[in-house]
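Chemist:
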């Protein structure tokens, strides 16, 4: 019986993947909501007591790869009637709708851009309150993936009209691929196989590093190889005092996983960096190591954050979103 219900749930998700698409997405209003904020739509007879505590425990799990504890998502709860009767809530970027009724058949569905754009809506239709936590826990990886896609899309849309075209063209001319950055970013260093750009404010710094190298063998995607190469690349980033430079922090284990990255084979590495030398500075980074479409080049693109005394989750999302704008030129991608 449990297997049947799971198959039904997965079938519902698959159907929505195929059917929801973008449709008339171009005509839809822009979505709202804070970075990594989840709107949990559930009535009080569901969202209370141990079930509420478990939902928050699942969604408030610490974000990986940060040098301080920050929860993965910020959670806001409203009842189903508020969603149905208030257009403002329908514009939210990331929603989880949980309805419980005896007549429900335990299904989970996902819709993109249902009421606004970019948007992801997960709808859990469950037959009992006891099913809420197991189903939410089961689908958490998919929820996280889809919410992150929406965050990337939101930041990409925010750059429209304020792109640094001169910097973007220089990267394209040098490497043969595109990335999108706003005019808040400036070029620090560039060569035939390396580029470093960053954004500086009084409160934080966001940087992006790109390094390319010939692809030699499958071990190019092993964690230790990636970390060693990242160390060598970061050494080219000078610190604020003489002889100081960036380096990966090896005393805290980095987290590596295979991810979907614009249809390319890619390994994501999350960890911490520090300044080697006399300066006591550091922060989180996220690295994407991927293979070019022609199979000849390894591309390592890394986003990092320095924000002393500040929460860093949302800044790292900005850096991550820039990494995800990387697109290879069509003529290379078609090889």
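Residue numbers (the working numbering): 1 to 335. Think of the CB as a built atom: it goes at the ideal place given N, C-alpha and C, for glycine as much as any other residue. Note that the coordinates shown come from a computational prediction; the quantities given were computed from them, not determined experimentally.
1. Give every residue of the same chain whose Cβ lies closer than 7 Å to the Cβ of residue 225, excluding the five residues on either side of it in the sequence, and list them in chain order.
2. On a CA-only basis, which of 237, 131, 295 and 197 is nearest residue 216? Give me that one, please.
3. With C-beta atoms as the reference, is residue 155 less than 8 Å away from residue 122?
4. Tell me whether residue 212 sits in a helix, a strand or coil according to DSSP, three-state version.
5. For the stretch 98 to 132, list the beta strand (DSSP E) runs that are entirely contained and at least 3 residues long, ordered along the chain.
6. Measure how close the beta-carbons of residue 118 and residue 244 come, nearest whole angstrom, since I'm counting them as under 8 Å.
7. Going straight from the alpha carbon of residue 164 to that of residue 171, what length do you get?
8. Compare the C-alpha of residue 116 against each of 95, 213 and 79 and name the closest.
9. Report yes if the C-beta distance between residue 231 and residue 248 is below 8 Å; otherwise report no.
10. Around the C-beta of residue 85, are 16 or more other C-beta atoms found within 10 angstroms, so that it is buried, or is it exposed?
11. Report back the beta-carbon spacing between residue 206 and residue 326 to the nearest angstrom; my notes put them in contact at under 8 Å.
12. Would you kindly work out how many angstroms separate the C-alpha atoms of residue 103 and residue 128, rounded to a whole number?
13. Between the stretch 300 to 317 and the stretch 278 to 291, can you find at least three pairs of beta-carbon atoms closer than 8 Å?
Modeler: With the structure as the only source:
1. 219
2. 295
3. no
4. strand
5. 107 to 112 and 120 to 126
6. Actually they do not touch by this definition, with Cβ atoms about 40 Å apart.
7. 11 Å
8. 95
9. yes
10. exposed
11. Not quite, the Cβ-Cβ distance comes to about 16 Å (not below 8 Å), so this is no contact.
12. 10 Å
13. yes
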